[in-house]
Amino acid sequence: MIDRMPRPIYLDNAATTRPSERVVEAVQKASRDLFGNPSSKHSFGGAPRKFLDDAREFLRGTLSAAEIVFTSGGSEADYLGIVGAAFARPPGRVLMARSDHPAILRTSDLLAKARHHVTELPVTQDGDVHPETLFDALGNDVKVVALMHGHNELGTLSQLTELVALVRRTAPEAHVHVDLVQTYGKLPFDLDATDVDSVAVSAHKFHGPRGAGFLALSSKAKVLPIQLAGGQEHGLRGGTENVPGAIGTMVAAEEALVHQ
């Protein structure tokens with residue numbers, strides 16, 4: 541009898557997921573057929589622009605967002621949501637949890653350059669912020685509050701409704717940013733219903749392409765760009781748009797929402 545090596549079983553979807561067949565096909569087709577720069581005025585730019593706008597509109601609708609800013613992934617979306625909101629406000633405090641993803645915690649150096657002070661909140665044994673802890677840290681000097689909807693290592697879901705209500709009552713002008721990377725496509729989320737200002741999403745967490753994600757903004761969000769460059773993405777994120785990535789993200793979101 542010939543010994544056969546057991547087939548490995550992948551159990552690390554919290555880190556990254558295999559892109560679905562539809563996503564791979566959509567990205568390949570877009571890379572081949574929609575190679576034109578969507579900012580170009582000639583005919584080769586028209587089709588990529590239309591597909592980019594269609595993807596943006598679909599993703600905007602999935603979260604009841606006012607605006608979608610395509611990014612290179614969840615980390616950049618977190619950075620833009622937190623630092624961009626802080627840049628739009630006078631110096632003050634930015635609150636985040638000690639157990640947050642490095643994409644959130646490592647914004648502290650850039651925030652300090654704008655004279656914003658980061659307060660890292662202690663967490664429970666489950667890695668979430670207790671409402672009393674947040675309440676004790678809030679004040680009129682708080683400009684941004686960063687929260688995680690689902691913890692990337694522990695899987696803990698935050699008490700988001702109660703936490704946001706505390707912020708709105710105690711620091712009503714603060715920008716509330718939510719890392720939605722682990723829960724988008726798995727749990728329903730509505731920016732208006734939850735009263736948050738921005739959320740970060742990463743496509744490769746729900747069988748989409750790597751290097752693609754977006755920041756969703758509410759109608760009242762005030763965010764300044766970190767990367768100006770060519771002024772794309774409504775001036776909030778410079779750089780030639782990743783049309784295949786945006787289309788792949790849309791296709792992955794369609795599939796995820798069907799099975800939500």
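Position one of the sequence shown corresponds to residue 541 (the working numbering), numbered consecutively onward. We treat Cβ as the ideally placed atom computed from N, Cα and C, and that holds for glycine.
For residue i, count neighbouring Cβ atoms within 10 angstroms of its own Cβ and tell me buried if that reaches 16, exposed if not.
i	result
residue 647	buried
residue 652	exposed
residue 696	buried
residue 594	exposed
residue 635	buried
Could you have a look at residue i and say whether DSSP puts it in helix, strand or coil?
i	result
residue 583	helix
residue 589	helix
residue 541	Low local confidence applies: a pLDDT of 48 at residue 541 is under 50, so the model's placement there is unreliable, and no value is given.
residue 608	strand
residue 717	strand
residue 690	strand
residue 569	helix
residue 745	helix
residue 710	helix
residue 633	strand
residue 659	strand
Please state whether the Cβ-Cβ distance between residue i and residue j is less than 9 Å.
i	j	result
residue 802	residue 654	Any question about residue 802 goes unanswered here, given that the chain covers just 541 to 800.
residue 710	residue 579	no
residue 549	residue 756	no
residue 637	residue 663	yes
residue 667	residue 703	no
residue 698	residue 731	no
residue 788	residue 563	yes
residue 610	residue 750	no
residue 643	residue 615	yes
residue 576	residue 586	yes
Taking residue i as the reference, give the member of the options with the closest Cα.
i	options	result
residue 791	651, 632, 592	592
residue 633	544, 716, 668, 797	716
residue 589	772, 793, 796, 777	772
residue 572	700, 797, 783, 731	783
residue 752	761, 793, 775	793
residue 723	566, 713, 555	555
residue 714	745, 678, 742	678
residue 691	661, 640, 674	640
residue 733	629, 672, 628, 700	700
residue 684	566, 597, 762, 754	762
Would you please state the rounded distance, in angstroms, between the beta carbons of residue i and residue j? I believe it to be under 8 Å.
i	j	result
residue 718	residue 736	5 Å
residue 786	residue 621	Residue 786 to residue 621, Cβ: 18 Å. No contact.
residue 558	residue 799	Rounded, the Cβ-Cβ distance is 15 Å, inconsistent with contact.
residue 765	residue 624	7 Å
Between residue i and chain B, is any beta-carbon pair separated by less than 9 Å?
i	result
residue 795	Checking the listed chains, one finds no chain B in this structure; it contains a single protein chain.
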